[in-house]
Each structure stands twice: as structure tokens, then as C-alpha cells.
Amino acid sequence: MAEALLTVMLKNLNSLIQKWFGLLWGVNKEMEKLSSILSTIRAVLEDAEEKQLRNRAIKNWLQKLRDVSGELDDILDECSAEASLLEYKMQRFGVSPKVKASFLSCLNPKNTRFRFQIAKKMEDVSERLDDIAKEREKFHLREVVEDPKHVQDECTVTKSDLPDVFSTFYNGKSLRTLQLTRISGCMGDGLPHRLYFPTLRAFDIRNDRNLSLEFKLNSISSLINFGCCRSLNHTPSNIGKLSCLRSLSRFIVDRRRGCYIDELGSLLKLGGSLRIEHLEKVKSPLEAKKANLVGKTNLQRLHLHWYYNQNEIVDQKLNEQVLDALEPPLTLKLMEISNFRGGHLPHWFNANFENLVSICFNGCKNSLELPTAMGKLPSLASLYLRSMDCLRYVDNESYNGQLIGGFFRLETLVIDCLPNLERLSREERSDIFPRVSYLSIAGCPKLISLPSLPSIEELRTGRCDKLTSLPSLPSIEVLGIGVCNETVIESVSNLYTLTSLYISSNDDFGASFPDGFLHNLTACKSLEISGFTKLQYLPSDMLIDLTALEEISISRCDMLECFPTAIFQGLVSLKNMQIVNCTKLKSLSDSFGDLTALESLKLQGCPELETFPNGLNNLSSLQYLTLSGSKLAALPENLKHLPSLKDLEISGFPSLEKLPDWLGDLTSLESLDVDDCPNLEYLPKCIQHLTNLQSLIIEDCPKLTKRCRRGIGEDWHKIAHIPRIFVVPASW
């Protein structure tokens, strides 16, 4: 299985590299490193899989490889989905990813968020795979190089060729890996019945909607890895005959199509991740017992899903009996149970699950409490609880004087939409959740308090109406508070270790913040204020002690009209500022000129903004500037004194008729983006003097678009020297 999965991942990874998506997301080096590591490991896998039966150390090494490979496969799925969306847009308008990468601003919030998340995940997986690759050396495994004469490595076909491709490979005796991507529109709603690939080891289907799989499974009897896209509408019947199968990503119970859950009973070699769906179609615990999950000791991740309509009448007792019968092996590391409607979670759940690292209960609306043993699991690091209507406590245990509290290994706790949750623990004591470093808790209107959390580094809370204060948080670094009352915000002033603060509210918050609520946050580097719709003014000394502040964002404060004159004084470290969708904002602070370290400024969705402060010409470090959504008929002249400006975006200026001649003074400018300026008629001649300008984007500017038509537009001669020009019609 490991060899087949690595082959598929290598193909996907190299495809992303070749299409420049790694470059676009800033992870090209990580992708190339991963490709090299996977190639190195794959060369010895055939020998390793043969020797694992005699060598337990090699078997354990392969298991570690399967675990990390499963995580990498999930990451590549994320990348492929994002790449598909970008490819669609770029192919539609004839733009290559390489060109697009050159002028996409690195400060675009959506790009930045995805890039950061993917880079972090890839870095972690890469380090672990590198360790696994180094460990292989102690086993002295033989490298296997397959004879290209006898192995069909890859075949690429066009849409029109696809219906005949299976005839071409009808006697594909050497094909080992087959991946099909987005073929449902070409093949109708299913694949041919005459598949015959006796040596096929990996069969992977991705990104297809409502694709049916109906073929003779004995024609792929050697299959080891069967990867199915999430939109597959059913599992092939008689899949239990694939006795060699070690990986089956999804199993869909469908009695009408002859796919019963007992098909899983004979698949004893299944490992990695298994997702079983439509368990509401299992009619008896005996039927569920025949799936023999407890005998699948190679399973690492198990996802159990029921599906019900909102008001559907459910047999709670049958739900409980079926889940009891689906007892998993003790080797399990991750478990997810979704939409289970029983009142009690399974009897088999006990502290013997020593390897269980992560648990998720999602939509278990009738469950009254979590299993008592959960707080005693020795390896449990992550717990996710979502939409559990009846749960009052996470830890319902009474410890009766025991020295050690519950959840002593837990590090991540995520709670969302638990309408009856009152406290995290029924018994208040200081040693429960001692290692939790990340807590997200939202949609808990009856929550009255949080316990002391000595190890917490990041806390996010919102829509907890009865929560009036924060506990002692001596290690807190990141705090996000959403839809809160004023007393919670007041307690922020005691959190001296904070480096990032994000606060948002609802319509009930008052006209101003509490006095001095930020004064003690001397370590804070990032501040975001959003959604205070009644906020009218900011205290003039609100930011006075935030000398370490590097980023500030203020958005959706509809009643805010101006900033105090001296509010930005002393912010010598500030590099990034965003003021977005403050619809009544009329003026900025004159202390803007003190922001000499500012590198990025975004002013967007402030239509009443009338003037820009004189101090803008002091922003000698400013490199990225976005001005959007203003009634101004001309750009402020003091913008011309920005010697470091590299990226300028102008959008949403309905009254703007021309760009100023001083634009030519911005000699460092590399990228210019003009968007949604319907009355902008022409480009100034001075644009020819911008010798460093590498990209020009003109979007939704109908008058300007006509003048900038390639080769024939009246303004074409002014911009012909720019390497990358992208003129987008209004239909984008």
C-alpha cells in the first residue's frame, strides 16, 4: 500500500511543481524537497514490504511512513482543490500561473492565509518524512529500479480520447497505478465494466461528482490502495472480495445497491484511514458486528458517519447498539463520530485506547455526556466537540480527592455550538486540562466561566453570552474574542504576555472602549478590531503602550468618523495597517507621519474619506499601498513622496477620471493595479518613465480597457514596455 500511495502522491506533487503552483504559494522549495524524499523512500519500498513479515522494526517503520503519507495526501488534496480553482480562472483569461504569481500581492489576505497554512503543514510533514528516510539506512534495504520496458508509467489522454482509453489498456498487465481526475463529464455517470488490470495496486479517483463505479472487481484482484473522491455516490458491491486491499478511503453503506457493511469483514489488512458513511442504513447490531473493525489492527484513523434530516425520527437505541458493535482496534490514533443520535456513547470506550491522539464528536445531538474514560486516555492530545445539544460538561467526572485531574495530556480543545454547556468541568479544581495550549470555544450561550488554564497559549471565544470574565492565563499569547460583552474586554488588560489580540463584537457594544484596556499589553505585536458597529470614537491614548505593535487592522466600525490626532504616536515598529469598511470615516490621524516603519497600508471601503493626512510623505518605508472605495475625484498629491513604494492598487473610485502626472515620480513602482474605476479615461504619459514597472492590471475600467487593447489601443504605446499586462473585462 505504501508504495502505491507514494506513487500517486509523487505524481500529484510533481504536477503542482511543474505548473508553478509551488512558486505561487511560496512553497516551491518545500515541494521539491518532499518530492526528493518520497523518491528516495519509494526506491526501497518493495524490499521493505517483503521483509516486514520477518522484521518487526521494518514493519513499524512502514507504519510510520503510512501515517505521515496519509497526512501528506490530505495536504496535497487541499493544494489540488486550490490549484483547480486558480487554473479555471487563469485558463479562462489566458494567464499562466507563472505570470499570475509575479503580480499577486504577497499581502493579499486570502493568499497569505492559505500560503501560511500550507507552508506550515508541509514543513512539519517534510521534517518527519526526512527522519523516516534517514531511518531506512539502518535496515540496508535493496533499491529496486523497474524495467521501463515492462512497466507503463504514465499515460495522458485528451477528453475526446477518454472513452477509448480503457480499451487501449484492456490487457494492461503491467499497469500498477491508475489515477482518474475529473472524468465524470467525459464518461457519463460511470466507468466501463471491462476493466482488467491484474497487476494494478493503486486506483485513485479524485474531484468527480456523482461518479458510479460498477465493474468486475476480480479484474483488479491485486488492488492494495483504493482511493475515492468524496463525491463518489456509492461503493462498488462485493468490494469485500479485494482481499489484498490495505487502503480504502471511503465505504458507503447502501443496501439498495447491495453494499452491506459486512463487506468490510473480510478486509483484514485495511490500514491507514477508513471513513464509513450512511450508518443509518445499518439495520441491526449483528450486521455491524460483521464488519469486524476490532480485527483491523492496522487502522489508524476511523470516521463513522450517520446522515439524518433535521426533523427525522431516529431510533436512539438502534444507534447505540450499532455503535457498540463497531468497536475499533486499540491501535487507533484518530476517531471521528458524526451525527450519531444515541443518548449514550459506546461501552467499549475505555482507557485501554493508549494510542488515541485525536477525537472528534460532531452533531451527536442526543449524547448526554462524554465517556468517563475519555479524561484518562494517556495519549489524547486533541478533542473536537461540535453541535452536541445536551452536553453540560466536557469533564463530567467526580474525582473524590484523587491527586490527578482529567485530560492531563490534552493540548487542543475545540468546542462549537454546545447550547447547554455550563462549564468545562463539573468539578472545579485547578489541575484539570493542565496542558491545554489551544482552546476555541464558541456558540455556548450558557457557559458561565472558564477554569484556570496555566498552559494556554491561544484562546478564541465567541457567542458565549453569560461569560463575563477571563480566568488567569499566565502563558497566553494569542487571544480572539468574538461577540462579547464589555466586561470580558476589560479583563484583557491583565494579560501581559499577549502578542496577538483579535476582538469583534455585535450591535450591543457601546460607543467607546473601556479606558486603558490595552495599556498593559507591551508585548502585543498584532491587533485586530472588527464589527463594533456602534463604536464612535477611540481613546486618544488607546495605543500608547503598544510600542511592539507591528500589525493593526480596524474594520466594520460603521459609526467611527475619525481617529484621534495623536493615536499613532510612538508606534515605531508598526509595519502593516488595514482600515476596511468603516463607512462613515471622514479623516485619518495627523500622527500617520510618525509611522516611519510602515511597509503596507490598506484603506478600503471608506467612501466618506475626504482627506489624507499631510504626514503621508514621511512614510519612507511604505512598499504596498491599497486605496479602495472612495468618493475622491483625485488621488492625494502627498502620495508622490513615497520613495520605496513597489505595489500600488487603486480600486472603487467612481469619480476618478484621470491618474496624476506625478505617478511618474514613483520610480520604485513594480506593480500597478487599477480596478473598478468606470470613469477613468486614459493613462498619463508619465507611466512610460516607470522603468521598474513589471506588471499592470486593469480590471473593470471600461473606458480604459478600450484604450489599452494590445497593439491597437490609443494608450498601448504608453504601456508596451511593461513585461506583464493583464486587462480584464467586466465579466471577470
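Using the UniProt record's numbering, the letters of the sequence shown correspond one by one to residues 1 to 732.
Glycine included, every Cβ here is placed at the ideal spot set by N, Cα and C.
* If we count the other Cβ atoms within 10 Å of its Cβ and call it buried at 16 or more, is residue 770 buried or exposed? -> Limits of the chain in this structure are 1 at one end and 732 at the other, which puts residue 770 out of reach.
* Asked: Does the beta-carbon distance from residue 541 to residue 569 come in below 7 Å?
  -> For the purposes of this step, residue 541 is taken as the residue at position 541 of the sequence shown. For the purposes of this step, residue 569 is taken as the residue at position 569 of the sequence shown. No; because the gap between Cβ atoms is not below 7 Å, this pair is not in contact.
* To do: Could you give the DSSP three-state label for residue 602: helix, strand or coil?
  => Along the sequence shown, read from residue 1 onward, the residue named residue 602 stands at position 602. Strand.
* Neighbourhood of residue 392 by C-beta, 7 Å cutoff - its chain only, sequence neighbours within 5 removed -> Reading the sequence shown from its first residue, position 392 is the one you call residue 392. Contacts found: 420, 421, 422.
* To do: Give every residue of the same chain whose Cβ lies closer than 8 Å to the Cβ of residue 598, excluding the five residues on either side of it in the sequence, and list them in chain order.
  => Looking up residue 598 in the sequence shown gives position 598. Result list for residue 598: 574, 575, 576, 577, 619, 621, 622, in chain order.
* Asked: Given that a residue counts as buried once 16 or more other Cβ atoms are within 10 Å of its Cβ, and exposed if not, what is residue 260?
  -> In the sequence shown, counting from the first residue as 1, residue 260 sits at position 260. Answer is buried; the Cβ neighbour count reaches 16.
* Identify whether residue 122 lies in helix, strand or coil by the three-state DSSP scheme. => In the sequence shown, counting from the first residue as 1, residue 122 sits at position 122. In the structure shown, residue 122 sits in a helix (DSSP, three-state: H, G or I).
* Helix, strand or coil: how does DSSP classify residue 577 here? -> Working through the sequence shown from its first residue, we reach residue 577 at position 577. Strand, per DSSP.
* Out of 494, 318, 515, state which residue places its alpha-carbon closest to the alpha-carbon of residue 524. => On the sequence shown, residue 524 is found 524 positions in, with the first residue counted as 1. When only C-alpha atoms are compared, the closest one is 494.
* Exposure of residue 243, with buried meaning 16 or more beta-carbon neighbours within 10 Å -> By 1-based counting over the sequence shown, the position of residue 243 is 243. Answer is exposed; the Cβ neighbour count stays below 16.
* Residues that residue 362 bridges to, as DSSP identifies them -> Your numbering for residue 362 matches position 362 in the sequence shown. DSSP output for residue 362 lists 338, 386 as bridge partner(s).
* Taking all protein chains shown into account, do 16 or more other C-beta atoms lie within 10 angstroms of the C-beta of residue 321, making it buried, or fewer, making it exposed? -> What you label residue 321 is simply residue 321 of the sequence shown in a count that begins at 1. It is buried - the Cβ of residue 321 has at least 16 other Cβ atoms within 10 Å.
* Asked: Would you say residue 788 and residue 302 are within 7 Å of each other, going by their C-beta atoms?
  -> Absent from the model: residue 788. The displayed extent of the chain is 1 to 732, so no value can be given.
* **For residue 469, the residue or residues it bridges with in DSSP** => By 1-based counting over the sequence shown, the position of residue 469 is 469. For residue 469, which the question treats as bridged, DSSP gives no partner whatsoever.
* For residue 441, write down the residues that DSSP places opposite it in a beta bridge. => Numbered from 1 along the sequence shown, position 441 holds the residue referred to as residue 441. Looking at the DSSP output, residue 441 sits in a beta bridge with 415, 461.
* Which class does residue 294 belong to by DSSP, given the choice of helix, strand or coil? -> Position 294 of the sequence shown, counted from the first residue, corresponds to residue 294. Helix.
* **DSSP three-state assignment for residue 110, whether helix, strand or coil** => The residue given as residue 110 occupies position 110 in the sequence shown. Confidence is the limiting factor: at residue 110 the pLDDT is only 43, short of 50, which leaves the residue's position unreliable and the question unanswerable from this model.
* Could you check which residue in 434, 673, 74, 425 has the C-alpha nearest to that of residue 693? => As a working note, residue 693 is residue 693 in the sequence shown. If we check each option's Cα against that of residue 693, 673 comes out closest.
* Which partner residues does residue 682 have in the DSSP bridge list? -> Start at 1 with the first residue of the sequence shown, and residue 682 comes out as number 682. Its beta-bridge partners are 658.
* To do: Hey, could you find the ends of the beta strand (DSSP E) residue 487 is sitting in?
  => Taking the first residue of the sequence shown as 1, we reach residue 487 at position 487. Note, residue 487: premise wrong, no beta strand (DSSP E); alpha helix (DSSP H) at 486-490.
* Assign residue 316 to buried or exposed, taking buried as 16 or more other Cβ atoms, counted over all protein chains shown, within 10 Å of its Cβ. => Translated into the one-based positions of the sequence shown, residue 316 becomes position 316. Exposed.
* Kindly give me the distance between the Cβ atoms of residue 296 and residue 268, rounded to whole angstroms, as I take these residues to be in contact under 8 Å. => Counted from its first residue, the sequence shown places residue 296 at position 296. Counted from its first residue, the sequence shown places residue 268 at position 268. Correct: roughly 6 Å between the Cβ atoms.
* **Bridge partner(s) assigned by DSSP for residue 727** => The residue you call residue 727 lines up with position 727 of the sequence shown. Answer is 698, bridged to residue 727.
* First and last residue of the beta strand (DSSP E) that includes residue 674? -> Numbered from its first residue, the sequence shown carries residue 674 at position 674. In this chain, the beta strand (DSSP E) harbouring residue 674 covers 671-675.
* Presumed contact (8 Å Cβ cut-off) between residue 465 and residue 425, rounded CB distance -> Sequence index remark: in the sequence shown, residue 465 carries index 465 (1-based). Sequence index remark: in the sequence shown, residue 425 carries index 425 (1-based). Rounded, the Cβ-Cβ distance is 20 Å, inconsistent with contact.
* Would you mind working out which of 427, 378, 656 sits nearest residue 449, comparing C-alpha positions? => For the purposes of this step, residue 449 is taken as residue 449 along the sequence shown, with counting starting at 1. Out of 427, 378, 656, 427 has the C-alpha closest to the C-alpha of residue 449.
* Asked: Beta-carbon separation of residue 680 and residue 704 under 7 Å?
  -> Mapped onto the sequence shown, residue 680 falls at position 680. Mapped onto the sequence shown, residue 704 falls at position 704. Yes, Cβ-Cβ distance for residue 680 and residue 704 is below 7 Å.
* Secondary structure of residue 357, DSSP reduced to three states -> On the sequence shown, position 357 is the one that residue 357 refers to. In the structure shown, residue 357 sits in coil (DSSP, three-state: anything other than H, G, I, E or B).
* **Reduced DSSP secondary structure (H/G/I, E/B, other) of residue 649** => Working through the sequence shown from its first residue, we reach residue 649 at position 649. Here residue 649 sits in strand by DSSP.
* Short check: CB of residue 581 to CB of residue 555, under 7 Å? -> As a position in the sequence shown, residue 581 is number 581, starting the count at 1. As a position in the sequence shown, residue 555 is number 555, starting the count at 1. The answer is yes: Cβ separation under 7 Å.
* Find the nearest neighbour of residue 602 within the set 609, 624, 617, 615, judged by alpha-carbon distance. => Numbered from its first residue, the sequence shown carries residue 602 at position 602. The residue with the shortest Cα to Cα distance from residue 602 is 624.
* To do: Run the CB neighbour count on residue 124, radius 10 Å, all protein chains shown included, and call it buried at 16 or more, exposed below.
  => For the purposes of this step, residue 124 is identified with residue 124 of the sequence shown, where counting begins at 1. The residue in question, residue 124, is exposed, as its Cβ has fewer than 16 Cβ neighbours within 10 Å.
* Asked: Helix or strand or just coil, what does DSSP make of residue 551?
  -> One-based indexing of the sequence shown puts residue 551 at position 551. Here residue 551 sits in strand by DSSP.
* Neighbourhood of residue 276 by C-beta, 6 Å cutoff - its chain only, sequence neighbours within 5 removed -> Residue mapping note: residue 276 aligns to position 276 of the sequence shown, counting from 1. Excluding positions up to five away in sequence, the list reads 251, 304.
* Where does residue 565 land, buried or exposed, given buried means 16+ other C-beta within 10 angstroms? -> As a working note, residue 565 is residue 565 in the sequence shown. It is exposed - the Cβ of residue 565 has fewer than 16 other Cβ atoms within 10 Å.
* Report yes if the C-beta distance between residue 606 and residue 585 is below 7 Å; otherwise report no. => Taking the first residue of the sequence shown as 1, we reach residue 606 at position 606. Taking the first residue of the sequence shown as 1, we reach residue 585 at position 585. Judged by their CB atoms, residue 606 and residue 585 are nearer to each other than the 7 Å cut-off.
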